[in-house]
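See structure below.
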Amino acid sequence: MKKTVWVTGASSGLGWNIALEAGRKGYRVILLARNEKKLHTLKELIEGEGEKLLLLHWI
Numbered sequence: 013m014k015k016t017v018w019v020t021g022a023s024s025g026l027g028w029n030i031a032l033e034a035g036r037k038g039y040r041v042i043l044l045a046r047n048e049k050k051l052h053t054l055k056e057l058i059e060g061e062g063e064k065l066l067l068l069h070w071i
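As structure tokens, this is what we get:
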């Protein structure tokens with residue numbers, strides 16, 4: 013069973029780096045942030061590593 017990581021503030025800084033590293037290590041990743049464009053960029057980077065994730069945009 014894969015472990016799941018829920019990352020808030022994922023569109024920049026520490027949240028971005030934690031999400032990216034978790035995706036690279038094979039965790040199931042859930043992203044939450046306010047900047048939708050940056051979330052999609054991060055999603056593409058993580059899915060490029062072969063992992064699927066859930067993307068949440070918070071207004």
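For any residue, its number in the working numbering is found by taking its place in the sequence shown, counting from 1, and adding 12.
Here a beta-carbon is modelled for each residue, glycine too, at the ideal position from N, C-alpha and C.
The structure displayed is predicted, hence computed values, not measured ones.
Distance, Cα to Cα, GLY27 vs VAL17?
On the sequence shown, residue 27 is found 15 positions in, with the first residue counted as 1. On the sequence shown, residue 17 is found 5 positions in, with the first residue counted as 1. Roughly 11 Å between the two C-alpha positions.
Could you tell me how far apart the beta carbons of VAL19 and LEU44 are, in whole angstroms, since I believe they sit closer than 8 Å?
Counted from its first residue, the sequence shown places residue 19 at position 7. Counted from its first residue, the sequence shown places residue 44 at position 32. Confirmed, about 7 Å.
What are the boundary residues of the beta strand (DSSP E) that includes ARG40?
For this step, residue 40 is matched to residue 28 along the sequence shown. Looking at the DSSP string, the run of the beta strand (DSSP E) that includes ARG40 is 40-45.
Please list the terminal residues of the continuous alpha helix (DSSP H) segment that includes TRP28.
Within the sequence shown, the letter at position 16 stands for residue 28. First-last of the alpha helix (DSSP H) with TRP28: 25-36.
Exposed or buried, which one is LEU66 when buried takes at least 16 other CB atoms within 10 Å?
In the sequence shown, residue 66 corresponds to position 54, counting from 1. Under this definition LEU66 is an exposed residue.
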